[in-house]
Ligand code: TYD
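In full-length UniProt numbering, the protein residues as written are 15 to 145.
Structure (structure tokens):
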């Protein structure tokens, strides 16, 4: 359910030269199989619009900001991401949409699986019927 969606603090090291954030074993609750990122996204775009049967994800606003709407089929929640050292953990079977991308924003996604279109649920009615 939506309660298993969690914000994760990514440990960071700060000195007069700036910040360094580290993701390593145990920072996120799965081992990373794939990393992808969205950039040059027009403000009016809506990305996502799917759930996963197998993939768990952590979404990070590496630069700029955007909003993630998460939906377990019963409850929806809108979460703004705007910190490069904060990740949003999304388990399987959660519908997500991402919008309101700020100019120059970068949306990094850490994924627990390799890309497999077969494990996507891209039809909202199908998603609802599977809960
Ligand atoms: P899509 O799932 O529509 O992106 P979003 O998460 O924003 O909804 O993916 C866009 C296209 O990219 C689609 O044709 C599938 C392809 N794609 C890959 O080839 N590999 C990947 O790892 C991902 C995430 C997408």
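Note that beta-carbon positions come from the ideal geometry of N, C-alpha and C, so glycine has one too.
- Per DSSP, the unbroken alpha helix (DSSP H) holding residue 139 starts and ends at 138-143.
- CA-to-CA, the gap between residue 50 and residue 123 works out to about 5 angstroms.
- When the beta-carbon positions are compared, residue 42 and residue 22 come within less than 8 angstroms of each other.
- Runs of beta strand (DSSP E) with 3 or more residues, each lying fully within the segment 41-118, are found at 48-53, 61-66, 71-77, 80-85, 90-95, 100-104 and 109-113, listed in chain order.
- Rounded to the nearest whole angstrom, the CA to CA distance from residue 18 to residue 104 is 7 angstroms.
- In the structure shown, residue 16 falls within a helical segment according to DSSP collapsed to helix, strand and coil.
- A heavy atom of the ligand TYD is found nearer than 7 angstroms to the CB of residue 64.
- Only residues of its own chain outside the window of five on either side were considered, and among them 95 and 96 have a CB closer than 6 angstroms to the CB of residue 75, listed in chain order.
- Burial is judged here by how many other beta carbons sit within 10 angstroms of a residue's own beta carbon; residue 69 has at least 16 and is buried.
- By the beta-carbon neighbour count (other beta carbons within 10 angstroms, threshold 16), residue 73 is buried.
- DSSP places residue 132 outside any beta strand (DSSP E), giving it a letter other than H or E.
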